[in-house]
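Quick note, the sequence shown lines up with residues 21 to 388 if you use the numbering used here.
Note that the Cβ used here is the ideal one computed from N, Cα and C, for glycine as well.
No experiment lies behind these values; they were computed from the predicted model shown.
Written out below as structure tokens is the structure these notes cover.
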Amino acid sequence: MKIRAAELREIHLRLKERFEISSGGWDLRRILLLRMEGENGDAWSECVAGEAPNYSYETPETAWHILTAYALPAVVGREFDGPGDILSPVSWIRGHLMALATVEMGAWGLKAVEEGVSLRSLVGGIRDAVPVGVSVGLQGTDDDLLRQVEERLTAGYRKIKLKIKPGRDVEMLRKVRDRFPEAPLMADANSSYSLADAPRLVALDALDLMMIEQPLAYHDLREHALLQKRLKTPICLDESVVSPGDARLALELGSGRIINVKPGRVGGFGSSREIHDLCAARGVPVWCGGMLEAGVGRAYNLALASLPNFTIPGDISESRRYWDEDIVRPEFVMTKGMMPVPDGPGIGVEVRMDRVEALTRKYWEKRA
């Protein structure tokens, strides 16, 4: 496959409602969209870097710099065997996995277009539809939270992820559990606790949660292992795992019993599939997390989540959960807690150029 051209855009897409986690919140998403052109078609991909360096050090500014100064100039005009080697010219770059994943995942999309197959088929997916969950951000009051949870359960979501932080945790979650005794609930702390908070976290064992996601510091697998020994509830690792090596070490240490695989966080589909296979071999379930993606990123997440060891509903919500209007056609719609995986060539959805053009705030291109 030869990369003949690349176009990068920053679009601004307003959320339907503010989304809060322990370290901040968002009303607007600044999303980088990449279009790569090959000899027999083109494909879009999406960078998931957040507006502030609170989940990762990457932001739209850092990703734009890495992509336009290094990654894209190095691949445009060159020929590659496939997605697995497209980043070989910039293998010297340390970190910046979200930026690099934009190129790597785009290469998967382009390869699927050129072969006339779906991304799901190319990546090795086996499901026509996947079960989906939803993330509910921190709310102003417990009553607001209970209303949100009821709405999401009524809509049919098969997993409800509730954001927590110190001061908004045990008592808040107990109210949700008391109201919805059979609901599939989990908690996500986004690294907002320390090992000194272990008694507080152990108290969550009484609430029959599916998992507690990333309770401790993103870089500390040792302390997660110590905490997991004290918890009956499985720890799910998110920010702690940015490579297959991290996943292998986490499993050897016993740092958690579930891994959330976000392809942007781990550098693309190649690493995602390696983590998936490693966990499958050890009987450890994985699921696909979300980063408030627009429709392009959601298409990639659905293809990945169709792999066999993605056995827990992912955070792959409907388009209308976050956006009044998505940037793809058709938009993503859930039926009875299941979302179809696109089966058309490439990513399986059409990017709405009228909408993308109207939302574009920055533009860059390079042609061979």
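Using the C-alpha atoms, what's the distance from residue j back to residue i?
i	j	result
Lys195	Gly366	44 Å
Pro103	Asp62	14 Å
His85	Met56	17 Å
Gly274	Lys22	43 Å
Glu30	Gly276	36 Å
Asp266	Val306	14 Å
Gly126	Ala301	28 Å
Thr331	Met206	15 Å
Asp105	Glu385	22 Å
Val143	Asn321	11 Å
Glu124	Asp335	22 Å
Asp101	Lys382	31 Å
Arg98	Gly136	22 Å
Val169	Ile184	14 Å
Val222	Ile255	11 Å
Gly315	Ile347	6 Å
Pro151	Ala325	9 Å
Arg178	Pro109	42 Å
Between which two residues does the beta strand (DSSP E) harbouring residue i extend?
i	result
Glu385	380 to 387
Trp46	44 to 58
Glu202	First-last for Glu202: undefined, no H or E at that position.
Ile31	25 to 41
Pro151	149 to 151
Pro360	358 to 360
To which residues of the same chain is residue i closer than 7 Å at the C-beta, ignoring the five residues directly before and after it?
i	result
Glu338	Phe352, Val353, Met354
Asp162	Met192, Lys195
Pro264	Ser291, Glu294, Ile295, Leu298
Which residues in the same chain as residue i place their Cβ atom closer than 6 Å to its Cβ, once the five residues preceding and following it in sequence are excluded?
i	result
Arg49	Leu33, Leu312
Thr5	The requested residue 5 does not occur in the structure, where the chain is confined to residues 21 to 388.
Lys356	Gly176
Arg340	none
His116	Ile86
What does DSSP give as the partner residues of residue i in its beta bridges?
i	result
Trp112	DSSP output for Trp112 lists no bridge partner at all.
Trp64	Arg55
Pro235	Answer is none; Pro235 lacks a bridge partner.
Gly366	Ser138
Arg178	Arg178 is not bridged to any residue.
Lys22	Glu99
Arg349	Glu370
Thr355	Met358
Asp208	Lys183, Glu233
Arg194	Per DSSP, none; premise fails for Arg194.
Arg188	Lys185
Looking only at its own chain, which residues have a Cβ that is under 8 Å from the Cβ of residue i, when we skip the five neighbours before and after it?
i	result
Ala69	Leu52, Ser76, Glu78, Thr79, Pro80, Thr82, Ala83, Met118, Ala119, Gly284
Gly364	Ser138
Ala203	Val169, Leu173, Ile180, Val196, Arg197
Can you give me the start and stop residues for the alpha helix (DSSP H) that residue i sits inside?
i	result
Leu257	Run containing Leu257: none in the alpha helix (DSSP H); it sits in the beta strand (DSSP E), 255 to 257.
Val154	No alpha helix (DSSP H) holds Val154; the beta strand (DSSP E) holding it covers 154 to 156.
Arg220	218 to 222
Arg242	241 to 250
Glu81	80 to 86
Any heavy atom of the ligand COA inside 6 Å of the beta-carbon of residue i?
i	result
Met118	For the structure depicted, the ligand COA is absent and the ligand set is empty, with no information on it obtainable.
- Let me know the alpha helix (DSSP H) ranges lying completely inside the region 259 to 347, each 4 residues or longer, listed in chain order. Counting whole runs of 4 or more residues, the region 259 to 347 contains the alpha helix (DSSP H) stretches 264 to 273, 283 to 286, 289 to 301, 315 to 325, 339 to 342.
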